[in-house]
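A short worksheet on the structure shown next.
Chains as they are written, first to last, in the working numbering: chain A, 456 to 706; chain B, 1238 to 1502.
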């Protein structure tokens, strides 16, 4: 689907650096992401993956460097940035539907647009049936799907995901990863997906950025040019997976 | 995919029957203790005597100068006047203190100094300022109800899940939006707790205020019962305070269950 002539650059990260006092966590990171690209970021545990995402989402101010979205400095009020957290972030006092609509409400979209988009997204992720239930009435995996739907609903310039399926069992993971890829292809968002699971990264992403240990920089970049749906028994898949594993292991 | 539907959960039998058993046992035991003279009737009145006085007090103003429902009505006015003023001031103050640094910085030190002073200690000053009429008692009751309102609302906001706040921030939510859409709903269970606690404080202080400075009301009735050596009047006054308080508690509980669907099962 992504053809040879790459679309224009959507996200540009220039010399991103983050220090906590003396501790240098992010060390002069630069990379760019094309519009509609799906990039996975992997790295050893404790390498600062979450700090990296928090800096990208502007939750943490960077110590140096900047993040440009469409050529202007990233700003959650101006750009549509979505962030799917590791833990479920449903608002317990809102129904499933109201939860999915939350991001759009914050951004002050007109009610008609919200309704239209909501019907569309709920249908896509199969949440229509439980649209009027409260989060405590549905399972944890459903709650995570709400967070993913809410993130896609705002038509994000940049969608950040921090190990969204880390706490789910393997079978369900593959199912939800398929769903995620499906959403991404239909809605054409730009996705940055952080995970410590290399198989997951190879399964979903078009490109994988491998992070080093702290102080973190980008150690390598691996293209994943496999047809979808991907088969994780496919020799090429396995080769890429092992390659990335080696990159992480040999720091 | 399985269909989702609402499921009705039944109250267990034990929770239906045992409350009735417990209340009945309590009153029967009480009646027996007084009737058999284990406790002399100059010290405690039997429930039957209290019930007699209860019906008598609906038509007879003697010896305390007012009918039962007049006492009750005056107390309710005082208590609810103070209670609602406490909610109106305490909850917004507490919520704001929990989220906005300016509010916390300004209000916290003064609040911490006023908080440990028991409302009863304000009674002398209150009599100087307002006399022994309605406004003075409302002021005392208000002070009593204010503290739990502020504390619970404050703690409720502080307990907002920080990940939810981060989530809202990434969508570009303003401080005010986060306060309104996340902090206040998060604080609601604590706020409803405050409604109950504040009500208890208000009732308690109501009796205290009326014991010291009043010419009518349930607390005044209790005082008169003591002065006239009529334990049944003391018990009736206490019973009315308890009953009314419990009744209001039930109403608040019902409202809470309806409003907090989804937060509590």
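Heads up, the beta-carbon is just placed ideally off N, CA and C, and yes, glycines get one too.
Assumed close pair residue i, residue j - CB separation to whole angstroms, cut-off 8 Å
| i | j | result |
| --- | --- | --- |
| residue 488 of chain A | residue 671 of chain A | About 17 Å separates the two Cβ atoms, so there is no contact after all. |
| residue 1456 of chain B | residue 1466 of chain B | Not quite, the Cβ-Cβ distance comes to about 18 Å (not below 8 Å), so this is no contact. |
| residue 473 of chain A | residue 515 of chain A | 7 Å |
| residue 611 of chain A | residue 535 of chain A | 5 Å |
| residue 1344 of chain B | residue 1322 of chain B | Not quite, the Cβ-Cβ distance comes to about 17 Å (not below 8 Å), so this is no contact. |
| residue 1434 of chain B | residue 1419 of chain B | The pair is not a contact, with the Cβ atoms about 24 Å apart (cut-off 8 Å). |
| residue 1458 of chain B | residue 1308 of chain B | 5 Å |
| residue 496 of chain A | residue 647 of chain A | 6 Å |
| residue 1364 of chain B | residue 1370 of chain B | Not quite, the Cβ-Cβ distance comes to about 10 Å (not below 8 Å), so this is no contact. |
| residue 1360 of chain B | residue 1318 of chain B | About 17 Å separates the two Cβ atoms, so there is no contact after all. |
| residue 631 of chain A | residue 623 of chain A | 7 Å |
| residue 1335 of chain B | residue 1394 of chain B | 3 Å |
| residue 1454 of chain B | residue 1315 of chain B | 7 Å |
Neighbourhood of residue i by C-beta distance below 6 Å, restricted to the same chain and skipping five residues each side
| i | result |
| --- | --- |
| residue 560 of chain A | none |
| residue 636 of chain A | 659 |
| residue 583 of chain A | 577 |
| residue 662 of chain A | 494, 678 |
| residue 602 of chain A | 539, 544 |
| residue 517 of chain A | 471, 473, 510 |
| residue 575 of chain A | none |
| residue 586 of chain A | 551, 552, 577 |
| residue 1358 of chain B | none |
| residue 1366 of chain B | none |
Where residue i falls, given that 16 or more other Cβ within 10 Å makes a residue buried
| i | result |
| --- | --- |
| residue 544 of chain A | buried |
| residue 1301 of chain B | buried |
| residue 1259 of chain B | exposed |
| residue 1550 of chain B | Any answer about residue 1550 of chain B is impossible in this case: the structure gives chain B only from 1238 up to 1502. |
| residue 548 of chain A | buried |
| residue 1452 of chain B | exposed |
| residue 1362 of chain B | exposed |
| residue 690 of chain A | exposed |
| residue 458 of chain A | Any reading at residue 458 of chain A must be qualified, since the residue scores a pLDDT of 49, below 50, and its modelled position is unreliable; the value itself is stated next. By the neighbour-count rule (16 or more Cβ atoms within 10 Å), residue 458 of chain A is not buried but exposed. |
| residue 697 of chain A | exposed |
| residue 1354 of chain B | exposed |
| residue 1249 of chain B | exposed |
| residue 1246 of chain B | exposed |
| residue 1238 of chain B | Because residue 1238 of chain B sits at a pLDDT of 46, beneath the cut-off of 50, its placement in the model cannot be relied upon, and the following sentence gives the value as read from the coordinates. By the 10 Å Cβ count, residue 1238 of chain B comes out exposed. |
| residue 1280 of chain B | exposed |
| residue 1255 of chain B | exposed |
| residue 1294 of chain B | buried |
| residue 1333 of chain B | buried |
| residue 1351 of chain B | exposed |
| residue 565 of chain A | exposed |
| residue 1282 of chain B | buried |
| residue 528 of chain A | exposed |
| residue 1262 of chain B | exposed |
| residue 628 of chain A | buried |
Close-in-space but distant-in-sequence residues of the same chain around residue i (CB under 7 Å, 5 per side omitted)
| i | result |
| --- | --- |
| residue 462 of chain A | 489, 490, 491 |
| residue 1493 of chain B | 1429 |
| residue 500 of chain A | 651 |
| residue 605 of chain A | 554, 555, 557, 558 |
| residue 592 of chain A | none |
| residue 687 of chain A | 654, 658 |
| residue 1311 of chain B | 1453, 1454 |
Partners in chain E for residue i, counting only beta-carbon separations shorter than 7 Å
| i | result |
| --- | --- |
| residue 1409 of chain B | Any reference to chain E falls outside this structure, whose protein chains are A and B. |
Member of the options whose CA lies at the smallest distance from the CA of residue i
| i | options | result |
| --- | --- | --- |
| residue 1288 of chain B | B/1470, B/1249, B/1257 | B/1470 |
| residue 1342 of chain B | B/1375, B/1473, B/1391, B/1416 | B/1391 |
| residue 464 of chain A | A/645, A/675, A/665, A/695 | A/645 |
| residue 504 of chain A | A/562, A/664, A/626 | A/664 |
| residue 523 of chain A | A/467, A/502, A/533 | A/467 |
| residue 642 of chain A | A/619, A/615, A/579 | A/579 |
| residue 620 of chain A | A/655, A/525, A/551 | A/655 |
| residue 617 of chain A | A/686, A/649, A/483, A/634 | A/649 |
| residue 1230 of chain B | B/1254, B/1454, B/1444, B/1244 | Residue coverage of chain B in this structure runs from 1238 to 1502, which leaves residue 1230 of chain B outside it and unanswerable. |
| residue 633 of chain A | A/683, A/477, A/704 | A/683 |
| residue 1461 of chain B | B/1257, B/1298, B/1284, B/1277 | B/1298 |
| residue 666 of chain A | A/699, A/640, A/688, A/687 | A/699 |
| residue 1388 of chain B | B/1311, B/1292, B/1427, B/1487 | B/1427 |
| residue 590 of chain A | A/546, A/478, A/628, A/607 | A/546 |
| residue 1328 of chain B | B/1474, B/1261, B/1257, B/1422 | B/1422 |
Residues near residue i by beta carbon distance below 8 Å, same chain, minus five either side
| i | result |
| --- | --- |
| residue 1432 of chain B | 1324, 1489, 1493 |
| residue 1313 of chain B | 1481 |
| residue 1442 of chain B | 1319, 1356, 1357, 1377, 1378, 1380, 1381, 1382 |
| residue 502 of chain A | 666, 667, 668, 669, 671 |
Inter-stretch contact at 8 Å, needing at least 3 Cβ pairs: the segment 1432-1442 of chain B / the segment 1382-1393 of chain B: A contact exists between the segment 1432-1442 of chain B and the segment 1382-1393 of chain B.
Three CB pairs or more closer than 8 Å across the segment 592-599 of chain A and the segment 560-572 of chain A: no
Given 8 Å, three or more beta-carbon pairs between the segment 1403-1411 of chain B and the segment 503-522 of chain A: yes
At least three beta-carbon pairs within less than 8 Å, the segment 611-631 of chain A to the segment 523-542 of chain A: Using a Cβ-Cβ distance cut-off of 8 Å, the segment 611-631 of chain A and the segment 523-542 of chain A are in contact, since at least three pairs of beta carbons, one from each stretch, lie closer than that value.
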